[in-house]
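Number of protein chains: 2
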Amino acid sequence: MSLVADLGGIVGAEHVQADPPARAVADATEGRGVQGRADALVRPGSTEEVAAVVAHLYERDVAIVPRGGGTGFAGGAVPDGGVVVDLGRMTRVRRFDPELWRIEVEAGLSTAHLRRMAREHGLFFPPDPGAAEQSNIGGNIATNAGGPHALKYGVTGDWVTGLEAVVAPGEVVRFGGALTKDVAGYDLVHLLVGSEGTLGIVTAAWLRLVPAPEVALPVVAAFPSPAEGVAAILDVLASGIQPSVLDYLDGAATAAAGGSFPLGTLPGGAPFLVVAEADGAREEARRVAAELREALQARATTVFSPEAPGEVAALWRWRDGVSLAVTAQRGGKVSEDIAVPLDVLEQAIAATAEIGARHGLPTCSWGHAGDGNLHSTFLVDRDDAGELHRAEEAAVELFAWAAAHGGTVSGEHGVGLLKRGGLALQWSPAAVELQRAVKRAFDPKGLMNPGKKEPA
Amino acid sequence: MSLVADLGGIVGAEHVQADPPARAVADATEGRGVQGRADALVRPGSTEEVAAVVAHLYERDVAIVPRGGGTGFAGGAVPDGGVVVDLGRMTRVRRFDPELWRIEVEAGLSTAHLRRMAREHGLFFPPDPGAAEQSNIGGNIATNAGGPHALKYGVTGDWVTGLEAVVAPGEVVRFGGALTKDVAGYDLVHLLVGSEGTLGIVTAAWLRLVPAPEVALPVVAAFPSPAEGVAAILDVLASGIQPSVLDYLDGAATAAAGGSFPLGTLPGGAPFLVVAEADGAREEARRVAAELREALQARATTVFSPEAPGEVAALWRWRDGVSLAVTAQRGGKVSEDIAVPLDVLEQAIAATAEIGARHGLPTCSWGHAGDGNLHSTFLVDRDDAGELHRAEEAAVELFAWAAAHGGTVSGEHGVGLLKRGGLALQWSPAAVELQRAVKRAFDPKGLMNPGKKEPA
């Protein structure tokens, strides 16, 4: 096949794969039956090679699907033909100035590697989406990934001060840089952040870092009902307490994951769990943790407040495993990531259960309560096509519910393939048309990750 | 004039002015000879009226120049014909949920009013550009205004979670909302932030707030030279200290403003002054202030560390007055706002003086050292056209210097009229063309604040 030979001429034949294997055209949506296909997969080793590949493909009207760690929850890296551009070889740290709190890295560097490098120099890269070992910073940027610490520290984009990207028809562009303030141009840095490869391929980024907090002290509280748990979360905010994390698990999520809870036995059923954290210098973190305990325990049945580093680490390992524990319940799940204004958090949790029940599906939800960001989940037998179909219908209802309540169909996973059209629930036709116009401005042929982040 | 009558039909005749007075078509660039002209000025009272005005003008190919408080430093609100749309009547607080740390306000609300409202509820809206009483939140958003506290808290855009705007040809659009996370669409919120009215008119915003820090403790240190002062600033960062402010004044700025310094007598000449601040809960702020003192005093000749609220307030009033004190030196100034990577901060301060000297102009600089953001200033007699011209030439050289050193022509003031073409020093032609394509996508007729934020 001449395409493969041509690409081999650019990046070396050993870095091109014809008919890539199934795992290279799938992501974490595999469990809900999403499978892609591609004509070839190419692994460029440099920005120049990415540009040459894009130029070659764009000229020939071939779809271009960038790929990071393949851990996405929305099918953003799942191709429907065309060529997958895998950034996995581009893992260089181009420059690291720990004393100036900044780093410049290539897109293929894993988020965990970046976080470890920062830590080794007393610094902190706060965004902490799941799958930090597998996901790449490029993919985190492409989806504007969040995570538990987004409450205090913001999402991935809040740490990006500059981007290098390859845009159609094969040009390298750089916006921003090792600068924290820059208003000379439109903010095309943050237009690319979260654009899921539909405007261009992020090849490198300048990132901000901050001094690492000295300690992080979790406070976990169990509540007799979602109403009491959500009221306690609002109590925390109304008291002016600033936790670094304010996550929750509903009763079903707690039941799924509770068996391995590392801090003791959860009280019978535990219909609602809050996982909070205070961080900072030791005394300051202790002060905030004490305030957190006080605010939460007024309504809680049990409060856990571990301080030993081993216990704290065990708690976070457990928290990271919630998604897998939920999947293990029935083998599959359709798990979304709506976000809503905090005044409707309790209703959104209830709506998840109500919509699932109406479709004959068990549900659970957990997520980043302080950000109003729910992982609303419909549990399915992944081999039962009827259940999967009902779950997809339930998800569509959930999206409509979120949009009707001032929320969003996606707080942190992105739109990908699966939430196509969701934006039209949130934005007016004129606003949707602006998104389309921006897409055309960057990608007149519509070849950059086609079919993804479609607004309507 | 039929245009005036037509506009009066939309907003009421009493809210339209034919041939608006000079002060209504000027901003803070008046002192460097920038003067505008407009056919009319209109003051809509609602978003619907803004949309009707824009629809009327856009259809008739009339330029539309939005105006906030008129305090800009780049001529962004200075019209060259067309109609000024003054947002000054749109000052409503649409919704304030202090217990949820958020507020929705119209564009014409003054930044000082917003900050006071937050304070009265124990909350904090951190962006603090100068002229808080006169400038409006809409203008702050349009320029993505910064200020001393941007070091710790970020710039205006970091506090905007949603925008309502009127775009061509007269449509109301809303992006985001009372949400802290939303990746359903491209980030058109932050594309509009900093776009200086060239993509649309911001009519309202959803803003985040945070609990107000209990105390803010300034630490002011004088240094024997710029080299020692900049080294001390880098010492602070390398020690992992997180101040809320890390500003500086060079010797000439200190000389201009030093006479009214409220904390005592500055040591002879004071070639370099650092104005830092630690904030937070009382004990935490004290801890950080002590670290700041320790890091700064190793190289300082004198350190001031006021704690009494009256002294602290006096210091900030003094700091706010630096720009005026500098202007008073010779009656006029050409003051820019380049930002540079921190490793070239000292060179940027020196380059300002060197470029000024070469053009036969006294100079000074001060600004937000921790953000690498300098107010590089050429002092002029505003009635001397030759000096003004030389100062403009010096500014052009300064921009080129900043761009050549990885910096930006504008850290916080925006491009407006005065920095037209500056972006082309920073961005490649392909990147500049993307900005142009985005502009065309929003404003195909080029009528939204024409001539402003021009990239080349």
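Each protein sequence line maps, in turn, to chains L and R.
Just so you know, this note's numbering puts 1657 at position 304 of the first sequence, and the rest follows in order with no gaps.
Just so you know, this note's numbering puts 1612 at position 259 of the second sequence, and the rest follows in order with no gaps.
Note that the Cβ used here is the ideal one computed from N, Cα and C, for glycine as well.
- Message: Starting from residue 1669 (chain L), trace the alpha helix (DSSP H) in both directions and tell me its first and last residue.
- Response: For residue 1669 (chain L), the enclosing alpha helix (DSSP H) covers residues 1662-1673.
- Output the distance between the C-alpha atoms of residue 1366 (chain R) and residue 1360 (chain R), rounded to the nearest integer angstrom. So the alpha carbons of these two residues sit roughly 7 Å apart.
- Residues that residue 1632 (chain R) bridges to, as DSSP identifies them: DSSP, once it has assigned bridges, lists R:1569 as partnering residue 1632 (chain R).
- Query: Since residue 1653 (chain L) is in the alpha helix (DSSP H), which residue starts that stretch and which ends it?
  - Reply: Segment: none, residue 1653 (chain L) is in no alpha helix (DSSP H) and carries neither H nor E.
- Extent of the continuous beta strand (DSSP E) to which residue 1494 (chain L) belongs: Note, residue 1494 (chain L): premise wrong, no beta strand (DSSP E); alpha helix (DSSP H) at 1490-1496.
- Beta-carbon proximity check, residue 1373 (chain L) vs residue 1394 (chain L), cutoff 8 Å: Their beta carbons are under 8 Å apart, which means residue 1373 (chain L) touches residue 1394 (chain L) by this criterion.
- Query: residue 1776 (chain L) touches chain R at which residues, Cβ-Cβ below 7 Å?
  - Reply: Chain-ordered, the chain R residues with CB closer than 7 Å to the CB of residue 1776 (chain L) read 1537, 1538.
- Under a CB-based cut-off of 8 Å, is residue 1524 (chain L) close to chain R? Yes, residue 1524 (chain L) counts as interfacial toward chain R.
- Task: Report buried or exposed for residue 1742 (chain R), applying the criterion of at least 16 other Cβ atoms within 10 angstroms of its Cβ.
- Result: Exposed, since its Cβ has fewer than 16 Cβ neighbours within 10 Å.
- Task: Might you give, ordered along the chain, the residues of its own chain that have their beta carbon closer than 6 Å to the beta carbon of residue 1446 (chain L), omitting 5 neighbours on each side?
- Result: The residues are 1458.
- Message: Which residue wins for smallest C-alpha separation from residue 1477 (chain L), given the options L:1381, L:1571, L:1496, L:1455?
- Response: Minimum Cα distance to residue 1477 (chain L) is reached at L:1455.
- Item | Residue-chain proximity (residue 1541 (chain R), chain L), Cβ-Cβ < 8 Å | Output row for residue 1541 (chain R): interface = yes.
- Query: Looking only at its own chain, which residues have a Cβ that is under 7 Å from the Cβ of residue 1535 (chain R), when we skip the five neighbours before and after it?
  - Reply: Excluding positions up to five away in sequence, the list reads 1529.
- Message: Starting from residue 1728 (chain R), trace the beta strand (DSSP E) in both directions and tell me its first and last residue.
- Response: That run of the beta strand (DSSP E) goes 1726-1733.
- Message: Between L:1554, L:1719, L:1718, L:1500, which has its C-alpha nearest residue 1519 (chain L)'s C-alpha?
- Response: Comparing C-alpha distances from residue 1519 (chain L) to each of L:1554, L:1719, L:1718, L:1500 shows the shortest one belongs to L:1554.
- Residue closest to residue 1571 (chain L), alpha-carbon to alpha-carbon, out of L:1680, L:1690, L:1633, L:1403: With distances taken between CA atoms, residue 1571 (chain L) lies nearest to L:1633 out of L:1680, L:1690, L:1633, L:1403.
- Item | Per-residue contacts from residue 1765 (chain R) into chain L (C-beta, under 7 Å) | For residue 1765 (chain R), the chain L residues whose Cβ falls inside 7 Å of its Cβ are 1534, 1536, in order along the chain.
- Task: Using a Cβ cut-off of 9 Å, pull out every chain R residue sitting near residue 1580 (chain L), in sequence order please.
- Result: Under the 9 Å cutoff, chain R gives no residues; its nearest Cβ is about 17 Å from residue 1580 (chain L).
- Query: When the cut-off is 8 Å and only beta carbons count, does residue 1492 (chain R) lie next to chain L?
  - Reply: No - not a single Cβ of chain L is within 8 Å of the one on residue 1492 (chain R).
- Nearest chain R C-beta to residue 1527 (chain L) closer than 8 Å, yes or no? Residue-level contact by beta carbon holds for residue 1527 (chain L) and chain R, with a gap shorter than 8 Å.
- For residue 1789 (chain R), name the three-state secondary structure that DSSP assigns. DSSP places residue 1789 (chain R) in helix when its eight states are reduced to three.
- Query: Which chain L residues sit within Cβ distance under 8 Å of residue 1740 (chain R)?
  - Reply: Those do not exist, as residue 1740 (chain R) stays about 26 Å from chain L at its closest Cβ, beyond 8 Å.
- Would residue 1569 (chain R) pass as a contact of residue 1630 (chain R) if the rule is Cβ separation under 8 Å? Cβ atoms of residue 1569 (chain R) and residue 1630 (chain R): closer than 8 Å.
- Jot down the residue ranges of each uninterrupted alpha helix (DSSP H) in the region 1687-1719 of chain R, minimum 4 residues, whole runs only, in chain order. Counting only runs of 4 or more, we get 1698-1711.
- Cross-chain neighbours of residue 1613 (chain L) in chain R, by beta carbon under 9 Å: Near residue 1613 (chain L) there are no residues of chain R at all, since even the closest Cβ is about 28 Å away, more than 9 Å.
- Query: Where are the alpha helix (DSSP H) runs, 4 residues long or more, that stay fully inside the region 1581-1630 of chain L, in chain order?
  - Reply: Runs of the alpha helix (DSSP H) inside the region 1581-1630 of chain L: 1604-1610.
- Query: Should residue 1414 (chain R) be labelled buried (16 or more other beta-carbon atoms within 10 Å of its own) or exposed?
  - Reply: Residue 1414 (chain R) is exposed by the Cβ-count criterion.
- What does residue 1454 (chain L) touch in chain R if you count any residue whose Cβ is under 7 Å from its own? Near residue 1454 (chain L) (Cβ distances below 7 Å), the residues of chain R are 1590.
- Query: For the putative contact between residue 1549 (chain R) and residue 1769 (chain R), defined by C-beta atoms under 8 Å, what is the C-beta separation to the nearest angstrom?
  - Reply: A Cβ-Cβ separation of about 7 Å places residue 1549 (chain R) in contact with residue 1769 (chain R) under the 8 Å criterion.
- From which residue to which residue does the alpha helix (DSSP H) around residue 1743 (chain R) run? Per DSSP, residue 1743 (chain R) belongs to the alpha helix (DSSP H) from 1738-1757.
- Alpha-carbon spacing of residue 1473 (chain R) relative to residue 1565 (chain R), whole angstroms: If I take the Cα positions, the gap works out to 10 Å.
- Task: Pull up the DSSP beta-bridge partners for residue 1761 (chain R), would you.
- Result: In DSSP, residue 1761 (chain R) forms a bridge with R:1692.
- Message: Does residue 1512 (chain L) come out as helix, strand or coil in the three-state DSSP assignment?
- Response: Helix.
- Message: Can you pull the chain R neighbours of residue 1546 (chain L), defined as C-beta to C-beta under 8 Å?
- Response: Ordered by position in chain R, the residues that pass the 8 Å Cβ test against residue 1546 (chain L) are 1540.
- Beta-carbon proximity of residue 1607 (chain L) to residue 1587 (chain L), cut-off 8 Å: Taking 8 Å as the Cβ cut-off, residue 1607 (chain L) and residue 1587 (chain L) do not qualify as a contacting pair.
- Tell me whether residue 1721 (chain L) sits in a helix, a strand or coil according to DSSP, three-state version. Here DSSP, grouped into helix, strand and coil, assigns residue 1721 (chain L) to strand.
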